[in-house]
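**Student:** These protein sequence lines are chains A and B, in that order. Remember, the numbering used here sits 35 above the position in the first sequence when you count from 1. Remember, the numbering used here sits 1 above the position in the second sequence when you count from 1. Virtual Cβ for every residue (Gly too), placed ideally from N, Cα, C. Computed from a prediction, not measured in an experiment: that's the story for all the values here. Quick one: the structure is below, and I'll ask about it shortly.
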Amino acid sequence: MAEHGNSGGQDLQVSFSTNPGKYKHWRLTFDGELATLAMDVDEEGGLGAYVLKQNSYDLGVDVELWDAIERLRFEHPEVKAVVVTGLKDKVFCSGANIFMLGLSSHAFKVNFCKFTNETRLGIEDASSTSGLKFLAALNGTAAGGGYELALACDEILLLDDANSAVSFPEVPLLGVLPGTGGLTRITDKRKVRRDLCDAFSTVAEGIKGKRAVEWRLVDHLSPKSKWAETVKAKALALSTQSTRPGLAAQGQGVTLTDLDVKVDGFAFSYRYVTLVVDPKKRTAEITLKAPVTKEPTKNSRDKGADLWALRCYRELDDAILRLRTQFLEVGLITFRTEGRRDFLLEAEATLLQQVNDGDWFAHEVLQHMKRVLKRVDMTAKTLLCLVEPGSCWAGSFADLLLFADRSYVLDDSGADEPATITLTPLSDGRLPTGNGLTRLQTRFWGDDAAQAKLRPFVAESRPIDGAQAEKLGVVTFVRDDIDYPDEVRLFVEERTSLSPDALTGMEQNLRWPGPETMETRIFGRLSAWQNWIFTRPNATGEKGALSLYGKPDRPTFDMRRT
Amino acid sequence: MVATISNDKIPNNVHLSDDKRLQRALEQWQPNFLSWWKDMGPEGFQEKGVYLRTAVSVDTDGWAVFDHVKMPDYRWGIFLTEPEKDRRIPFGDHYGQPVWQDVPGEHRNSLRRLIVTQGDTEPASVEQQRLLAQTAPSLYDMRNLFQVNVEEGRHLWAMVYLLHSYFGKDGREEADELLQRRSGNVDKPRILTTFNEPISDWLSFFMFTTFTDRDGKYQLKSLAESGFDPLSRTCKFMLTEEAHHMFVGQTSVRRVIKRACELMKEHSTDDLRPHGGVDLRLVQKYINFWYTASLDLFGNEISSNAAAYFAAGLKGRSDEHKYDDHVARDGTYAMDVLAGDTIHKETIPLRNAMNEVLRDDYVRDCESVLSKWNAETRDQGIDFQFKLPSRRFHRKVGQWSEAKFDLAGHAISEAEWDQQKDSWLPTEAERAYVHSLMKQVIEPGKMANWIAPPARGVNDQALEYEYVKL
Ligand SMILES: [Fe+2]
Ligand SMILES: [Fe+2]
């Protein structure tokens, strides 16, 4: 098959560090309890050699969107509803840039889609867990990814000018899917009847006006002459459903300061996270550190972005994104932890206490931890956790352990500080993974007895030693100091020699047993099909629809259905 | 519902009386069309007899029948040129295959979009021009305006015929929406921006019929090549009417020029304001404006839609037969491309450059129009030559819209543009002056002072003929 160019992959330097002052593509403005996030894509501001016409987006545009939403949560507790709209004439957003997709390697496309999916889910998470409501005010046509962005919002208002439509042109025009949650959200979220979804997804120019409302593709229409007032009225109405503090918290926002990372070859050192990549072995090691000093036991907000729980997880997020976009060939991440267990447990207990007391900031910090852990879950690399003497597998860190594809304990009875694991109530309900269950429930899916045996340890945060850990099933294998080094080395070497595709498929299947949610369906079904289609000649072959889009030739399909 | 649909009321060559589907569709649509015409057609003249040409059949003695008719009683007909035997798709990937008599499923949406976009311009121009008759410079001109208007109405019928006959329920809905959009209405605007500006003076009307209807001509010519035969035949017939609209524009601007020359000589000045004429420099500014606004209608210089339409055999080049390579898969086009501040030649796949290919033909055609106007000044012994501005000048669509250019096409700064634009394009004051000249003249045979009489009347009638019975 034809793989065009390679602007994707290791060559592309994407920075996930930005702020509203640096945005090229979005304008973030505030009006009391409302904010407006307006898309105004800089055509020449793409990451690669393509022009971002018609408010189409690439990863750079989406990084800014993601950043804006994070900042709305932390820096603007006064905002209850966000209007997502566009500043271009006639078009709200025309979706992912086709030429960018055409130029990208398969791996880059998949990574790009994954990040945009996570960002869309982040919008829904802000709404459902923080009561930050979103109104998509479609001031023109919303096509493909543009409509998918709208679908992630709570309500959709469409301009009624006999022109503006919502559409999914992917199948008829590009031979791919509306794969950023589109096909899932129209059925699961908006409850559009499935045969109407079929009709909608095959008419390239989309559906406009009254019919779009009748089919539940949008919620409201407004003529142009009443546009501004309707947008405001709908946004205000949405804001009344918000549980955020609103104007009472004006000025209490916590600025998300830049993370300074020291780069030394393939080693990246943050304050609480280090990432070391071994490109030759195609592995990476991430070490997470507990708080170095005692964290405050009240008024966590005063510590701002330096609060350990926020800082550490922002750093982990950045490290994971870096691995995903810069080190595609790294197939395995080894997680280690270190530091003062007591500091960590106290910091998290304090956080949880404040969440229970209704503190908005503590709540946001906790939700952020949840999102970052989900990002780790969703990473297409083997997750290996090593529990060694002196490590700090406690509290939220232990969730990584519960979800790892494989974990080993070094049971060294002679060590000063033998390896232990401490699960806390945080793991028992506060940090669900994509299927809506905790990692503990997911790990022991269908085994109620195993869960019951663990509960006392969780409730009392009682340390579990190596031998117990194996018996209780919280780790895969426990080995003594003679066997351990070799066994871990062999595992890593064997693992990184296997087919990366088969591993990704296997891991994704095994990480989420049990029930489906919209989120797991988006990643597990929609994205998987999309990724398959992306590798098929009918999309990306020389005569494929995606390859030929905008070119003088028309696609030729291999008509055998598979 | 009373059957209002008959061959008698709606002249046609599409076997309307045997076509139940088309009858049913038109029965619903026709009353809406009439009420649209009464609301949005020429304001204040609906009950007047107008000396109109009606097409009652496609053969030579049927296509131009003249009589005084009240416009709402005009017999809007449905005509396609006669089918060409064994016609083959003249271009694109399906080159040489038999043409389609039905819409191929895979091209249904594209074709519908093409037809709706073309169809939308027809009623739009009627709406844009609806107040003009109140300031007509003569009965002759008023009649020409109405002739253009009813024919634009017929063009709408032609497009609606295609939508009704070939696109099922969706087509009927699109046909309804063609009557619901309104030129210049913020809530239901017409599709193309140019068609949302009112045309409130006659100089603009004449420029519109010269330059904007000429865009229409090239759009129709490229659709007349279509592999979808009913569209091809419909557009070919429309072209015969379009030619008349351009005749109105071209000859009328020439009359304005002629009158200006006369006044210049009479008063030995080129400042015609004191004498109620439109001076030649102002005519040039109107050319600068309308020519470039019409260039925009051809769309982006590099277009994936244009490539797709060509590849699929839906929309070709004008006069496809004059080319050797009708597939144009490997052909290229050397195009000036604007990248940042610099312009360089780039080799573009020919199919993606089809909008520009069509624009090239249009530009050449406009040049020949200007040479006729220049012949007038020459004949009058006035030393003044009109010139088309560069196609980069004053563009709102396509790559040239991203920077500022002077008349010759040299890149200039925003500041230079602001400084000079008033010497290139009509200013508010100049537009106001043109407006001030617009006074209705209704005495048969008389002309407003700013325009010369035409060379001859309509259909060999005298100039004094009562073209509109007021
Ligand atoms: Fe027309
Ligand atoms: Fe016309």
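Under the three-state reduction of DSSP, which class applies to ASP515(A): helix, strand or coil?
**Tutor:** Secondary structure at ASP515(A): strand, using DSSP grouped into helix, strand and coil.
**Student:** Closer than 6 Å to a non-hydrogen atom of ligand 1 - does that hold for the CB of ASP156(B)?
**Tutor:** According to the sequence shown, residue 156(B) is His rather than Asp. Checking the Cβ of HIS156(B) against ligand 1 gives yes.
**Student:** Would you call GLY549(A) buried or exposed, if buried means 16 or more other Cβ atoms sit within 10 Å of its Cβ?
**Tutor:** exposed
**Student:** Please classify ILE452(B) as buried or exposed, where buried requires at least 16 neighbouring CB atoms within 10 angstroms.
**Tutor:** Burial call: buried.
**Student:** Does ligand 2 have a heavy atom nearer than 6 Å to the CB of GLU473(B)?
**Tutor:** Residue 473(B) falls outside the range modelled here, since chain B spans only 2 to 471, and no answer is possible.
**Student:** Output needed for ASP321(B): all residues of its chain with C-beta closer than 8 Å, excluding positions within five of it in sequence on either side, in chain order.
**Tutor:** The sequence given here has Glu at residue 321(B), not Asp. Excluding residues within five positions, the ones whose Cβ falls inside 8 Å are PRO91, PHE92, GLU226 and HIS327.
**Student:** Ligand 1 heavy atoms versus the CB of TYR42(B): any closer than 6 Å?
**Tutor:** According to the sequence shown, residue 42(B) is Gly rather than Tyr. Checking every heavy atom of ligand 1 against the Cβ of GLY42(B), none is found closer than 6 Å.
**Student:** Can GLY157(A) be considered in contact with ligand 2, in the sense that its beta carbon sits closer than 6 Å to one or more heavy atoms?
**Tutor:** Outside the cutoff, so no.
**Student:** Are there any heavy atoms of ligand 1 lying less than 6 Å away from the beta-carbon of GLU1(B), as far as the coordinates show?
**Tutor:** No answer is possible for residue 1(B): it lies beyond the span of chain B, which begins at 2 and ends at 471.
**Student:** Excluding sequence positions up to five away, which residues of its chain have a Cβ less than 7 Å from the Cβ of GLY281(A)?
**Tutor:** So the qualifying residues of the chain are GLU68, GLU113 and LYS115.
**Student:** Can you check DSSP and say which residues form a bridge with VAL509(A)?
**Tutor:** According to DSSP, VAL509(A) bridges with nothing at all.
**Student:** Can we count GLY217(B) as close to ligand 2, meaning its CB is less than 6 Å from some heavy atom?
**Tutor:** yes
**Student:** According to DSSP, is ALA178(A) helix, strand or coil?
**Tutor:** strand
**Student:** From THR511(A) to GLY366(A), what does the alpha carbon distance come to, in whole angstroms?
**Tutor:** 19 Å
**Student:** Specify, as a first and last residue, the run of the alpha helix (DSSP H) that LEU32(B) falls within.
**Tutor:** In the sequence on display, residue 32(B) carries Pro and not Leu. Its alpha helix (DSSP H) spans residues 21-41.
**Student:** Are there 16 or more other CB atoms within 10 angstroms of the CB of GLY374(A), so buried, or fewer, so exposed?
**Tutor:** buried
**Student:** Closest to ARG393(B) by CA distance: which of SER414(B), LYS346(B), TYR468(B) and LEU296(B) is it?
**Tutor:** LEU296(B)
**Student:** Is any non-hydrogen atom of ligand 2 found closer than 6 Å to the C-beta of LEU214(B), if you look at the structure I gave you?
**Tutor:** The amino acid at residue 214(B) is misidentified as Leu; the sequence shows Asp. At least one heavy atom of ligand 2 is nearer than 6 Å to the Cβ of ASP214(B), so yes.
**Student:** Count the C-beta pairs between the segment 252-269 of chain B and the segment 212-226 of chain B that are closer than 8 Å, then say yes if the count reaches three, no if not.
**Tutor:** no
**Student:** For PRO99(B), which beta-bridge partners are listed by DSSP?
**Tutor:** ARG89(B)
**Student:** Measure the CB-CB distance between SER184(B) and ALA125(B) and report whether it falls below 7 Å.
**Tutor:** yes
**Student:** In angstroms with no decimal places, state the Cα-to-Cα distance between LEU237(B) and LYS86(B).
**Tutor:** The displayed chain sequence assigns Lys, not Leu, to residue 237(B). Cα to Cα, the separation comes out at about 15 Å.
**Student:** CB-CB under 6 Å to GLN17(A), same chain, minus the five flanking residues each way: which ones, in chain order?
**Tutor:** Beyond the ends of chain A as shown, which are 36 and 597, falls residue 17(A); an answer cannot be given.
**Student:** If I measure Cβ to Cβ from LEU351(A) and keep anything under 6 Å in the same chain, skipping five residues before and after, which residues do I get?
**Tutor:** VAL308 and VAL407
**Student:** Cα separation between LEU100(A) and THR154(A)?
**Tutor:** 8 Å
**Student:** According to the neighbour-count rule (16 or more other Cβ atoms, all chains shown, within 10 Å of its Cβ), is ALA244(B) buried or exposed?
**Tutor:** exposed
**Student:** Within the chosen definition, does the segment 64-83 of chain B reach the segment 45-54 of chain B through at least 3 CB pairs nearer than 8 Å?
**Tutor:** yes
**Student:** Near MET135(A), what residues of its chain come up, given a Cβ to Cβ distance below 7 Å and the 5 sequence neighbours on each side ignored?
**Tutor:** GLY81, GLY83, TYR85 and ASP93
**Student:** Alpha carbons only, please: which of PHE147(B), LYS10(B) and PRO455(B) is nearest the one belonging to HIS69(B)?
**Tutor:** PHE147(B)
**Student:** Expressed to the nearest angstrom, what Euclidean distance is found between the alpha-carbon atoms of TRP401(B) and SER91(A)?
**Tutor:** 20 Å
**Student:** LYS189(B) touches chain A at which residues, Cβ-Cβ below 7 Å?
**Tutor:** ASP196 and ALA197
**Student:** Can you tell me which residues form a DSSP beta bridge with ASN13(B)?
**Tutor:** ILE79(B)
**Student:** What span of residues does the beta strand (DSSP E) with LYS71(B) cover, start to end?
**Tutor:** 66-71
**Student:** PRO350(B) bridges to which residues according to DSSP?
**Tutor:** Per DSSP, the beta-bridge partners of PRO350(B) are THR333(B).
**Student:** Specify the secondary structure class of CYS128(A) as computed by DSSP and reduced to three states.
**Tutor:** strand
**Student:** Is it the case that the CB of HIS246(B) approaches a heavy atom of ligand 2 more closely than 6 Å?
**Tutor:** yes
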